[in-house]
Structures are given as structure tokens and as C-alpha cells.
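Residue numbers (this note's numbering), protein chains in the order written: chain A, 1034 to 1597; chain B, 9 to 171.
For glycine and all other residues, C-beta sits at the position ideal for the given N, C-alpha and C.
Okay, so here's the structure we're looking at.
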Amino acid sequence: MELTGAEILVRSLKEEGVTHLFGYPGGAVLHIYDALYQQDDVKHILVRHEQAATHAADGYARSTGKPGVALVTSGPGATNAVTGIATAFMDSIPMVVITGQVPTDMIGNDAFQEVDSIGITRPCVKHNFLVKDVTDLAETIKKAFYIATTGRPGPVVIDVPKDVTADKAEFKYPDTVSIRSYNPVVTGHVGQIKRAVAMMLSAERPIFYTGGGVILGRGAPELTELAQMLGYPVTNTLMGLGAYPATDKQFVGMLGMHGTYEANMSMHHCDVLIAIGARFDDRVTGNIEKFCPFAKIIHVDIDPSSISKNVKVDVPIVGSVPNVLQEMIKLLKAGDKKPDAKALASWWKQIQEWRAVDCLKYDHDSGQVKPQQVIESLYKATHGDAFVTSDVGQHQMWAAQYYKFDKPYRWINSGGLGTMGFGLPAAMGVQLAHPDATVACVTGEGSIQMCIQELSTCLQYGLPIKIIALNNRYLGMVRQWQEFFYQRRYAMSYMDALPDFVKLAESYGHVGMRIDNPADVDGAMEEAMKLKDRLVFMDFVTDQEENVYPMIPNGAGLNEMILV
Amino acid sequence: MRHVISILMENEAGALSRVAGLFSARGYNIESLTVAPTEDGSMSRMTIVTSGSEEIIEQITKQLNKLIDVIKLVDLSEDEHIEREMALVKVKAVGEAREEYKRLADIFNGRILDVTDTTYTIELTDSGDRIVEFIAAINADEIIETVRSGVSGIARGEKSLYP
């Protein structure tokens, strides 16, 4: 039977197992919305701004491992979605974004609500497609999902002109897809894996440095098994938190600019660095000239271009994380060589000394609500088992430092692009994917205002997100840099004329709480978590000038941290 | 170091801009770029001349390989290969210069494609170096314009980029 392009599109999404579609209607996608209206398989979630559609799809993807899907109209719909697409691109999140386009015969004529969506999104997608013929639509959607979810994942945009959604064609969704120019490598090179294992066993001061690739590649169980077989310390990047249980004794905390003293010192002094699914980002390495001066480096990554991009490595292994780690585990089990127990014991002794510095200590008697205290309280009240999204800035770092993630897919933040406004819409995607889970959005009074309109979406769909706003009346991270590096000239970092967040939450039909006494933090947190079916906006009035420590200033090495 | 990268890619709308966009977004240098469809109309062949350190060239080839439309690529300069470029050179040709440019074209194995009372247009197909030498041999005042195609390259022997 012949279907319209719009019907084909919706049926194809169903075939891909899409349960939620985050979107916003407009002229160019009206046929698609009409087709959506006439079915119940794909649930459409109406956001209040297209940026939120992409962040929500992103949060859905990060918390489930399945691709997130968004639908926006042409022109401003597409441009509003770009921030969310770029966010997903930087963090390699599988996502398919369908953008409406003006009819094919009007493309290039500066038609109403026309932009070159393919051109605009090209640098921030894994791939994009313009569908010019309805007979290509189903296959293009199949390809888009395949590309988005395989290899190093990433967002794929499908631009669909309006006439293509009205034209008719036979619908048959392809069972398989093959793209001659796209064959991502999965298995690692056996010889290289052997070399890596030998190098790991010869180490005296080893460390695992693992990133978001472990989570995206579903390799967390293998990482845990391998690390525990060897007894080596593990540090996670911001994107990798949860890939190794944070409460385990081998975990030395996050590394990098605001990483722990023990993680960064272990990195600096290690002799074998085992990098897995991490990309040597500048926020991790600090000054590249001073990075891991004593280390031989093993690097496992699915993306060859991540290897030796910033730091030259000794043993590169291209392959999927679980696949390569399984091979390593097999080799270790088959061989009789064991790690050097004596060297390892003295390495751990050194690490314990660094740990004893207690770099995350903070003042408990200031009489003010400390942001760190709020995160610790959230951790206690949720038994360490919540999904936590965040925005970008100080609160993001505190959440990463003080919430101990034992499981992957639980920590959801914009690491690469650093997108303020990400937290709340991402939490919507997480909550829809996990209706019974506790979802907390750790944010600040600056970030939350970038997508605050989504409080309306949360009401419409009854999403009981807990918003933990660390309100210090400053753009805290900007202020911190201005304090350290601009002699306290706080240019534009003060958030003046703030709304009353309690009343604001209430006006959207939610529960608002303001907490300004440190003695009330735990009680309020417990109370909020008990409100299972309500969104609670918790406005924590925190110490204004608290800083995130430790900190590696620009140009410094990992061993040159500023401590509290 | 100068490198010649040869790319076999899908003959799709936008494929060229993906390559060009990659170079500008990542700050890589393009000296020349040529592209045209192959005998199999579904594929295009592109030759890019670029320069950079070994690390940069490694990144360029890896990043190009990551583009979904790229089927295969090779850094031709790693092995024996042939490079050819075509130039069209329009010169003022009056009086004694007419004979002189005719001779010069013969020496360089060029062909005069267009003749008027006052001009010659000379075609030259050779290596980039030879084209530079040819243009240098002409009095700069007498060049009306030059057009160069950019380099096309292919490996020597039986090697091929075709899958």
C-alpha cells in the first residue's frame, strides 16, 4: 500500500523502536504532525523551545543507551536545535534529529522559514541527509539510525522538505543496511592487545584513565573486571563517571581541572597510563607539555582520530571498549604473569598519602549553606541511586565531585560543549525513559534560566524532576576565574534581578522550596524526595563566594593544583 | 611537508563541502583541490595537496576517513606516484614575442590553443614544478592571466584505490 512521506516517516520511527519523539510543530512539518496525530506507537513530547527537544532526546539517549529522536520545523526550528545537536556531537551521543524543510522546488529561493539546515549542521553532526525523493525516505532513516548508533556514536540530521512528506510511495522498511563507505572497526588488533597486556603487567605505577567511551560502548562491566583483576587505581573523566564504581577502593576520583588531588597526582607520576574511551581533552590534560612525563601510554578507542591527536601514544588500539577489554581479560587469565605486587603495594601507599590530603574537604561551620553539603545531602537522600543531570559551571563540578556514581548512565551532563540550559530538558528525557526513577537536575540560578520555560513541559507530562538549584547569585565559575585571574573584577558575573524561584515554580504548578539555613538542608531534601509525583524546585541559597577546588590553572600541569 | 592525498568518495551533493568544511574547521591547509566523477558515476575522485607536520597529516587522513562519504583514501606521497596539473596561460603576443612564445611552448611541450593578433593561449600539462618554471619563464608584464587546474595524482604500478 502506498503511504505518504509523513506516514512513512512515522512508521519508520516505530520500526526503529522509537518510543518518544521530542519536538515542536511548525509549517514545514505539519504533514508529519498530522501523521503522528493518527497513531499511538510513537509518543510525541511537546517541548517549549527546540533547544530543549534536542537536549531531552539527548538525556533520553544518555540514560538508556538508545538513540534519542527529535523533530523540529524548518528555519528557526532547525537553528534553535543546533545547540542541542552540537552538544550531542561533542559528547558522541546517538541522536536522530528530523528537521522540516521548505518544499524542494523552493529550496534556495529564500522561502519563508528557509535555512540551509544541512549546511548549518554539517560541522556538528556525524552525518546529515537531505531527502529529495519520498522513495528514499525509509532507507535514509534506516541509515541515519545505523550511523548514529554504531562506531563512535553521534547525532545525525535528516532534512525533509514538506513536499516529500506529502508525496506517496510504497512503504517497506529495510531489514538491513550497508554503506560501502562506512564500516566501523569493532575488534582490536590482536598483536597490539598483547603488547598492551605485557606493558600493563610490567607496570610499577599504573593507572586506568577512562572516559565516556566506556559508557557509550557499554564496557563498564569489562572495565570493572579488568581493573579489579589487576588491582590498579582507576580515575574517570567527567564523561566517564559511573563507568567504574565510585565507592570502590580502587577509584581515586575524577581527574582533570577540578579532579581530585590523588587522581591528578597518580596521573602525573604513573609509569603506565591505560587510557580507555577517553580523548585527552584539554580539561583533562592541563598543559600538554607537562602531561604524564614518566608514562608509557596505551590508548583504546573506537575512533582512530582520537588516538595520538593531542598526546602521542605508545600502544594504540582501535576497537570497541568491551571487545578489546574482553580480549585483555582473556589474555590475563590465560597467562601466568601477575602484576608486580611489591611495586603495586608501594604505589598504593603513595596514593593513600595523596588521598590523605583530603582535597574535597570544606568548611562545615560557616553558618551558610555550602554547595558541597547540598550535593552530599542529595547523595544521601537518593541513596546514591538517582539519575543526576547538570547544567554547566561550579554546580556541575560539585555534583561530579561529591555525588558518587556507582553505575553508568546515571550522570548526565554536557562535558564537551559545556552547554548551559542542558540540565532541565535533559532531565525530562531521563524521566520519560525512567518514569519510576528519581531524577535530579543539579543547576545554578544562571543555567536554569536558559531553559526555564521547560517547567511548563514538565507540568504537561507530570515529570516529577527534583531541581537542585545552587543559587549563589553569581555565574559562579565565571566569578571564580575573575577572582583568581582578573583581580576580582566581577564583570557581568553577578546575576541581578533574579526571580523568586519558589513563586515561579508555583506559577508553573510545581512545588517550590527555599533553603537558606544549613541545618535545614537534609530535612528539605528528604521532604522533596518524598513528593514522588511532583516536580520540586529547591532553591538553595548558598555561600556566594565558594570556589571549586582543587583547580589546575591554565598552563599548569596535573601536579600543580591549587588546593583549598 | 607537502602531501598529495587522493580520495575516492560517494558522488553525493554536499560531499565536496564536507571535505572543504573539515579543512577550514580544523585549520588545515589546502594548496589545491581537484574533483570529478569517475567512470562509475556513483563515485568521485578527489586529489588534495596539503602540507603540515607528520602529526597533522595523520590527523587529516584520519579525519577524512571519518567522513561517511569517503570510501577510501591514500596519501600518494608515501609511495611512488604520478602527479599532473594543467595550466592555461594567456600571454600578450605581438612582434618578436610571437615567435619566442611559440618556441617556449615547444620546449615545455605546451600547445597553443587560441591565437589572436595580439595573444596566445597556451596549454601545458605537466608536474606542478614544471608549470611554475614555465610561468616563470614568461615576462610577468606579458601574462594576461593564468588558470591552473590543481594537481591530479595516481599511484604508479598496479595499485588502485578501488575497493
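For PHE1534 (chain A), is the classification buried or exposed, using 16 other Cβ atoms within 10 angstroms of its Cβ as the cut-off for buried?
-> Against the first sequence, residue 1534 (chain A) aligns to sequence position 501. Looking at its Cβ environment, which holds 16 or more other Cβ atoms inside 10 Å, PHE1534 (chain A) is buried.
Taking Cβ-Cβ distances shorter than 7 Å, what residues in chain A pair up with ARG26 (chain B)?
-> As a first step, residue 26 (chain B) must be located in the second sequence, where it is residue number 18. In chain order: ARG1155.
Report the residue from B:THR124, B:ASP134 and B:SER52 whose alpha carbon sits nearest the alpha carbon of SER157 (chain B).
-> For the purposes of this step, residue 157 (chain B) is taken as the residue at position 149 of the second sequence. Among B:THR124, B:ASP134 and B:SER52, the Cα nearest to that of SER157 (chain B) is on B:ASP134.
Name, please, each residue of chain B whose Cβ falls closer than 7 Å to the Cβ of SER1125 (chain A).
-> Start at 1 with the first residue of the first sequence, and residue 1125 (chain A) comes out as number 92. Going along chain B, no residue has its Cβ under 7 Å from SER1125 (chain A), so there is no contact; the nearest lies around 12 Å.
Give the DSSP bridge partners of MET1233 (chain A), in chain order.
-> The sequence position of residue 1233 (chain A) within the first sequence is 200, counting from 1. Note: MET1233 (chain A) sits in no beta bridge, so no partner.
Looking at the C-beta of GLU86 (chain B), does it have a partner C-beta in chain A at a distance below 8 Å?
-> On the second sequence, residue 86 (chain B) is found 78 positions in, with the first residue counted as 1. For GLU86 (chain B), the answer is no, since every Cβ of chain A falls outside 8 Å of its Cβ.
Under 6 Å Cβ to Cβ from THR142 (chain B), same chain only, skipping five residues before and after it: list those, please.
-> One-based indexing of the second sequence puts residue 142 (chain B) at position 134. With the sequence shown as reference, residue 142 (chain B) is identified as Phe, and Thr is not the correct amino acid for it. Taken in chain order, the residues that qualify are PHE116 and LEU132.
Indicate whether at least one CB of chain B lies closer than 8 Å to the CB of LYS1565 (chain A).
-> By 1-based counting over the first sequence, the position of residue 1565 (chain A) is 532. By this cut-off, LYS1565 (chain A) is not an interface position.
PHE1275 (chain A) and ARG1443 (chain A): beta carbons closer than 8 Å?
-> Within the first sequence, numbered from 1, the residue matching residue 1275 (chain A) stands at position 242. Within the first sequence, numbered from 1, the residue matching residue 1443 (chain A) stands at position 410. According to the sequence provided, residue 1275 (chain A) is Gly. The question's Phe does not apply to it. It is a contact, given that the beta carbons lie within the stated cut-off.
Is ALA1211 (chain A) helix, strand or coil when you go by DSSP?
-> Taking the first sequence and counting its residues from 1, one reaches residue 1211 (chain A) at position 178. Note on identity: in this sequence residue 1211 (chain A) is Ser, with Ala being the wrong assignment. In the structure shown, SER1211 (chain A) sits in coil (DSSP, three-state: anything other than H, G, I, E or B).
Quick one: using the 10 Å Cβ neighbour count with 16 as the cut-off for buried, is PHE1324 (chain A) buried or exposed?
-> Position 291 of the first sequence, counted from the start, is the residue given in the question as residue 1324 (chain A). Buried, by the Cβ-count rule.
Contacts of ARG1506 (chain A) in chain D (Cβ-Cβ under 7 Å) | Although the question refers to chain D, the structure presented lacks it and instead comprises the protein chains A and B.
Looking at the structure shown, is VAL1569 (chain A) part of a helix, part of a strand, or coil, going by DSSP?
-> As a working note, residue 1569 (chain A) is residue 536 in the first sequence. Three-state DSSP puts VAL1569 (chain A) in a strand.
Using DSSP with H/G/I as helix, E/B as strand and the rest coil, what is TYR1179 (chain A)?
-> Here residue 1179 (chain A) refers to the residue found at position 146 when the first sequence is read from its first residue. Helix.
Is the distance from the Cβ of LEU1596 (chain A) to the Cβ of HIS1301 (chain A) below 8 Å?
-> Walking along the first sequence from the start, residue 1596 (chain A) turns up at place 563. Walking along the first sequence from the start, residue 1301 (chain A) turns up at place 268. The answer is no: Cβ separation not under 8 Å.
Is there at least one Cβ from chain B nearer than 8 Å to TYR1395 (chain A)'s Cβ?
-> Taking the first residue of the first sequence as 1, we reach residue 1395 (chain A) at position 362. Taking Cβ atoms only, chain B never reaches closer than 8 Å to TYR1395 (chain A), which makes this a no.
Residues of chain B with CB under 9 Å from HIS1064 (chain A), in chain order?
-> Walking along the first sequence from the start, residue 1064 (chain A) turns up at place 31. Result: empty, since nearest Cβ-Cβ is about 24 Å, beyond 9 Å.
To the nearest whole angstrom, what separates the beta carbons of ALA1460 (chain A) and PHE1573 (chain A), a pair I think is in contact under 8 Å?
-> On the first sequence, residue 1460 (chain A) is found 427 positions in, with the first residue counted as 1. On the first sequence, residue 1573 (chain A) is found 540 positions in, with the first residue counted as 1. Wrong, their Cβ atoms sit about 17 Å apart, outside the cutoff.
Return the first residue and the last residue of the beta strand (DSSP E) that THR127 (chain B) is part of.
-> In the second sequence, the residue the question calls residue 127 (chain B) occupies position 119. Run containing THR127 (chain B): 127-134, per the beta strand (DSSP E) assignment.
Answer yes or no: does any C-beta atom of chain B fall closer than 8 Å to that of VAL1341 (chain A)?
-> Here residue 1341 (chain A) refers to the residue found at position 308 of the first sequence. At residue 1341 (chain A) the sequence reads Ser, which differs from the Val that was named. Yes, SER1341 (chain A) counts as interfacial toward chain B.
TYR1435 (chain A) by DSSP, collapsed to three states: which one?
-> As a working note, residue 1435 (chain A) is residue 402 in the first sequence. Helix at TYR1435 (chain A).
Is ILE1118 (chain A) near PRO1188 (chain A), with beta carbons less than 8 Å apart?
-> By one-based count along the first sequence, residue 1118 (chain A) stands at place 85. By one-based count along the first sequence, residue 1188 (chain A) stands at place 155. Yes, Cβ-Cβ distance for ILE1118 (chain A) and PRO1188 (chain A) is below 8 Å.
Cβ-Cβ distance between GLY1289 (chain A) and GLU1295 (chain A) below 8 Å | Residue mapping note: residue 1289 (chain A) aligns to position 256 of the first sequence, counting from 1. Residue mapping note: residue 1295 (chain A) aligns to position 262 of the first sequence, counting from 1. Contact: no.
If you measure from the beta carbon of GLU18 (chain B) to each beta carbon in chain A, is any gap under 8 Å?
-> Within the second sequence, residue 18 (chain B) is the residue found at index 10, counting from 1. Judged by the 8 Å Cβ criterion, GLU18 (chain B) is in contact with chain A.
So who's on the other strand from GLY1101 (chain A), going by DSSP bridges?
-> Here residue 1101 (chain A) is taken as the residue at index 68 of the first sequence, counted from 1. DSSP output for GLY1101 (chain A) lists A:MET1128 as bridge partner(s).
What number of angstroms, rounded off, separates the C-alpha of PRO1100 (chain A) from the C-alpha of HIS1077 (chain A)?
-> The residue given as residue 1100 (chain A) occupies position 67 in the first sequence. The residue given as residue 1077 (chain A) occupies position 44 in the first sequence. So the alpha carbons of these two residues sit roughly 15 Å apart.
Are the C-beta of TYR1215 (chain A) and some C-beta of chain B separated by less than 8 Å?
-> The count along the first sequence starts at 1 and reaches residue 1215 (chain A) at position 182. Yes - at least one Cβ of chain B is within 8 Å of the one on TYR1215 (chain A).
Mind listing, in chain order, the continuous beta strand (DSSP E) runs of no fewer than 3 residues lying wholly within the segment 1312-1339 of chain A?
-> 1329-1334
Going by other Cβ atoms of all chains shown within 10 Å of its Cβ, with 16 needed for buried, is ILE1321 (chain A) buried or exposed?
-> In the first sequence, the residue the question calls residue 1321 (chain A) occupies position 288. Its Cβ having fewer than 16 others within 10 Å, ILE1321 (chain A) is exposed.
Within the 8 Å Cβ cut-off, does VAL78 (chain B) reach chain A?
-> The residue labelled residue 78 (chain B) in the question sits at position 70 within the second sequence. So yes, VAL78 (chain B) belongs to the interface.
For THR1318 (chain A), count neighbouring Cβ atoms within 10 angstroms of its own Cβ and tell me buried if that reaches 16, exposed if not.
-> Position 285 of the first sequence, counted from the first residue, corresponds to residue 1318 (chain A). It is buried - the Cβ of THR1318 (chain A) has at least 16 other Cβ atoms within 10 Å.
Pair every Cβ in the segment 31-43 of chain B with every Cβ in the segment 1122-1136 of chain A, then say whether three or more of these pairs are closer than 8 Å.
-> no
Residues near ASP1200 (chain A) by beta carbon distance below 6 Å, same chain, minus five either side | Against the first sequence, residue 1200 (chain A) aligns to sequence position 167. Excluding residues within five positions, the ones whose Cβ falls inside 6 Å are GLY1038 and VAL1167.
Can you tell me whether DSSP reads GLN1146 (chain A) as helix, strand or coil?
-> Indexing the first sequence from 1 puts residue 1146 (chain A) at position 113. GLN1146 (chain A): coil per DSSP, three-state reduction.
For TYR1057 (chain A), does the three-state DSSP call read helix, strand or coil?
-> Locating residue 1057 (chain A) in the first sequence gives position 24, counting from the first residue. TYR1057 (chain A) falls in the coil class under three-state DSSP.
Count the other CB atoms, across all protein chains shown, that sit within 10 Å of the CB of GLN1385 (chain A); report buried if there are 16 or more and exposed otherwise.
-> The residue given as residue 1385 (chain A) occupies position 352 in the first sequence. Exposed, since its Cβ has fewer than 16 Cβ neighbours within 10 Å.
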